[in-house]
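K.L.:
Okay, handing you the structure first.
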Amino acid sequence: MKKRLLCALLAAAMCFGETLSASAVTVSTNDVEMEQTGTISENTTEVDAEKEAATIYPDGKVPTKFPKGQGYELKMYVTPDTKYSVAVYDAKNEMVSYTMGFSAKAPFGQDGEVLETVKLEFDKLAVGNYELKYWIGGLDSANASTAQGKTIYVRKSILKKENENITEVTVSKAVYTGKSVKPVVKIVETEGDNTYTLVEGKDFSYEVTSANKKEMGTATVTIIGMNDYMGMMTADFDITPQAPAITGAVCTGFNSARITWNAVANANGYILERKAGTGNFAQVATLASGATSYEDTTGLVTGETYYYRIVAKADSKTNANQYVESERNENGVAVKITPSSPKLISLESTSYNKLKLTWNTVNGATGYLVYQILADGSYKQVKTVAQPATGTQASATMTKLKPGQKYRYTVKAYTLAANSVTKIVSGCDTTGLSAKAKPATPAVISVKATDYNKITVKWKKVTKAYGYYIYRKVADDEDASWKRIKKVKYGSTTSYVDTKAETGVKYIYAVKAYTRVKGKNVFSDMNRSEKGAKVVRAVPKKPTIKLTQWGRSIDVDINKVAGADGYVIYRKVGNGKYKKIGTIDAKKNADFTTYKDATVSYAKTYSYYVRAYKQTDESRVMSAKSKALTLTTK
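Take a look at the structure:
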């Protein structure tokens with residue numbers, strides 16, 4: 036019998052976590068003894084019988100729910116000097132926890148029960164429903180089958196202090212709408228490698244329990260565990276303005292960035308925050324309610340990446356002289372500080388195999404990288420250009436190009452990092468500029484009328500030109516268009532005489548050069564402006580004259596001018612002024628080219644010059660003056 040009882044007690048101690056009090060039983064392999072209350076013998080039934088009148092009951096109300104992983108000290112009133120048992124059974128009525136103890140002897144002269152403390156451990160119990168039972172006697176006591184007790188529930192607590200696996204409890208800010216709000220509550224439980232986010236309505240419920248439920252300021256939410264979870268807690272949260280969204284974050288120079296955002300209703304200001312790399316966000320500026328952009332020029336380092344976020348703020352309705360802030364973007368919007376992208380100005384052919392790219396310089400740049408944009412969209416660096424010492428423009432000339440082939444180029448600015456080796460490169464105009472390598476545009480040197488219907492055009496020779504095309508248009512006619520009037524077949528020719536000019540009409544001339552590539556002409560540009568092409572007017576040649584005295588008259592002989600319709604004769608006496616003295620109509624006097632001045636006197640000096648003219652529908656077109664001749668009469 037001793038052996039059976041010993042085995043039973045050892046099994047209870049090992050399997051059910053037996054707890055022995057200060058007056059606990061000491062178990063050995065020889066016999067079973069109670070140090071203070073005597074020896075447990077085979078006559079256990081007799082011991083129980085002697086204690087039939089003994090009582091056990093809890094001190095106050097025993098809780099219904101217990102947090103998993105937490106202990107609980109159960110206070111029990113027990114008859115003095117009495118063995119008692121406290122056990123926990125699972126839903127299958129299997130014992131999962133057992134405690135046997137001996138109540139203390141009552142102090143001398145004291146009547147009634149003594150208060151015993153039984154420590155219940157729930158750390159190894161799974162979530163579920165259990166029965167807590169207590170009785171007088173040990174495991175083999177007849178009282179065990181009729182033990183008193185109650186149903187208890189072991190649940191996971193949502194409180195961090197009771198459940199070490201609760202790793203996160205957060206209550207979000209709520210955006211002000213003018214109506215009652217409800218924040219987002221997040222509770223996360225982590226056990227080993229497993230993470231579980233509790234589900235509202237299944238694992239917990241919550242509601243706003245503060246008086247303030249809609250005004251900007253502070254409000255309170257109450258959270259209650261349910262089903263497999265227990266516990267209740269409250270948490271404050273803010274009702275805030277809508278979080279502004281950053282609409283633009285761009286580098287504007289080697290040490291500046293521009294941040295823009297959308298305006299937020301009911302906000303009375305904004306806070307701009309910035310961090311560098313993996314650092315922490317810090318305030319950069321506090322801005323008024325009307326602000327929607329900010330140029331940051333404070334301590335930015337070329338080559339570094341910065342992150343920006345914008346926060347709206349508004350006065351709190353629940354806390355005087357305080358304000359609430361909108362939610363913050365955890366990551367922010369990234370901006371890498373580089374030189375500004377150069378602005379392209381032009382790409383022009385300067386020769387049959389050269390293109391010149393020009394762009395605006397960038398403040399703070401060390402130099403520029405010129406790229407050819409290939410057909411597949413990739414970039415090929417072709418030039419490196421230093422920052423000019425002066426001026427606002429820079430350029431690069433690409434050589435050894437194929438005439439007639441289209442090329443596309445763009446430019447990136449760069450500056451050097453602190454180590455003076457690494458290039459920090461800007462963005463670029465991804466479209467770039469396109470142009471064909473072609474002969475240079477011929478420069479018109481002169482345009483000169485050489486007769487009433489002839490104009491000589493001269494231009495500057497173009498390298499590698501096979502020839503030239505000559506163009507002409509009427510200067511004073513807005514509807515006039517350029518017309519090609521001649522093809523010059525030799526690249527060494529640099530002049531042309533237009534023999535089809537109409538007298539009195541103003542013309543503009545321009546020249547195109549061309550070269551040959553694989554049997555096809557590749558043309559230069561043509562300077563179409565009046566500045567580059569000379570405006571002229573076809574006029575008769577100036578005549579030449581001869582003077583002869585015949586008695587009291589002087590003959591003015593005029594060499595005939597081709598195409599002239601007549602001549603006007605001018606004379607002066609001595610040092611006087613020239614005056615028109617006559618006209619010869621060449622149409623009426625085709626063979627008569629002498630004018631007789633019969634109004635002269637002896638011993639006087641007379642000077643003459645003549646101008647030829649061409650009559651048009653609108654006016655008389657005059658030639659230049661002939662050389663003036665002088666004769667003194669005798």
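Just so you know, we're using this note's numbering here: the sequence shown kicks off at 36 and counts up by one. All C-beta atoms in this analysis are idealised placements derived from N, C-alpha and C, irrespective of residue type, glycine included.
#1: What's the gap between the Cα of E156 and the Cα of K217?
#2: Could you check if W296 is buried or exposed, using at least 16 other CB atoms within 10 Å of its CB as the buried criterion?
#3: Helix, strand or coil for A59 per DSSP?
#4: Look up A448 in the DSSP assignment and say whether it is helix, strand or coil.
#5: Ends of the beta strand (DSSP E) at P102?
#6: Out of K159, P477 and V546, point me to the one whose CA is closest to K508's CA.
#7: If we ignore side chains and look at the alpha-carbon of each, how far apart do E365 and G163 end up?
#8: If you check the beta carbons only, do S469 and P578 fall under 7 Å apart?
#9: Does N395 come out as helix, strand or coil in the three-state DSSP assignment?
#10: With a threshold of 7 Å on Cβ separation, who are the neighbours of A311 within its own chain once the five nearest residues in sequence on each side are excluded?
#11: Using the rule of at least 16 other Cβ atoms within 10 Å of the residue's Cβ for burial, across every protein chain shown, is D66 buried or exposed?
#12: Alpha carbon to alpha carbon, how far is K471 from Y504? Give it in angstroms, no decimals.
#13: Hey, could you find the ends of the beta strand (DSSP E) L160 is sitting in?
#14: Determine the extent of the beta strand (DSSP E) in which V372 is found, giving its start and end residues.
#15: For S559, does the three-state DSSP call read helix, strand or coil?
#16: With three or more C-beta pairs closer than 8 Å as the rule, is the segment 189-203 touching the segment 265-273?
#17: Drop a sphere of 10 angstroms on the beta-carbon of E300, count the other beta-carbons inside from all chains shown, and report buried for 16 or more, exposed for fewer.
#18: Quick one: which unbroken beta strand (DSSP E) runs of 3-plus residues sit fully inside the segment 576-653? Chain order, please.
#19: Quick check on K649: buried or exposed, where buried means 16 or more other Cβ atoms within 10 Å of its Cβ?
#20: Is Y449 buried or exposed, if buried means 16 or more other CB atoms sit within 10 Å of its CB?
#21: Applying the 10 Å Cβ sphere with the 16-neighbour rule, what's the burial state of L174?
#22: Go ahead and pull the three-state DSSP assignment for S180.
#23: Tell me whether P423 sits in a helix, a strand or coil according to DSSP, three-state version.
#24: If the criterion is Cβ atoms closer than 7 Å, does the pair I589 and D632 meet it?
#25: State the beta-bridge partners of T275 as determined by DSSP.
#26: Helix, strand or coil for I281, going by three-state DSSP, please let me know.
#27: Considering only the beta carbon of each residue, do Y644 and Y602 sit closer than 7 Å?
#28: For A663, name the three-state secondary structure that DSSP assigns.
#29: Among V359, S324 and T373, which has the Cα closest to the Cα of T293?
#30: Give me the residue from T419, V397 and T396 with the minimum Cα distance to Q407.
#31: Does the Cβ of V60 have 16 or more other Cβ atoms within 10 Å, making it buried, or fewer, making it exposed?
#32: Helix, strand or coil: which one does DSSP assign to Y525?
#33: Give every residue of the same chain whose Cβ lies closer than 8 Å to the Cβ of Y165, excluding the five residues on either side of it in the sequence, and list them in chain order.
#34: For W494 versus V479, is the C-beta spacing smaller than 7 Å?
#35: Counting Cβ pairs, one atom from each stretch, are 3 or more of them under 8 Å apart for the segment 452-465 and the segment 422-434?
#36: Buried or exposed: where does L335 fall if 16 or more other Cβ atoms within 10 Å of its Cβ makes it buried?
P.N.:
With the given structure in hand:
#1: 38 Å
#2: buried
#3: Note on A59: pLDDT 35, under 50, position unreliable in the model; no value is reported.
#4: strand
#5: K100 to P102
#6: V546
#7: 39 Å
#8: no
#9: strand
#10: E339 and Y341
#11: Because D66 carries a pLDDT of 34, less than 50, the predicted location of this residue cannot be relied on, and no value is offered for it.
#12: 19 Å
#13: That residue, L160, is in no beta strand (DSSP E); it is neither H nor E in DSSP.
#14: Inspection of the sequence shows that residue 372 is occupied by Ile rather than by Val. First-last for I372: undefined, no H or E at that position.
#15: coil
#16: yes
#17: In the sequence as displayed, the identity of residue 300 is Ala instead of Glu. Answer is exposed; the Cβ neighbour count stays below 16.
#18: 580-585, 588-593, 601-608, 614-620, 629-632 and 640-650
#19: buried
#20: buried
#21: buried
#22: helix
#23: coil
#24: yes
#25: V210
#26: strand
#27: no
#28: coil
#29: Note that residue 293 is Arg in the sequence shown here, rather than Thr. It is T373 whose Cα lies nearest to the Cα of R293.
#30: T419
#31: With a pLDDT of 34 at V60, under the threshold of 50, the predicted position of this residue should be treated as unreliable, though the coordinate-derived value follows. Buried is the call here.
#32: coil
#33: V123, Y124, D125, A126, V131, T186, I187, Y188 and V189
#34: yes
#35: no
#36: buried
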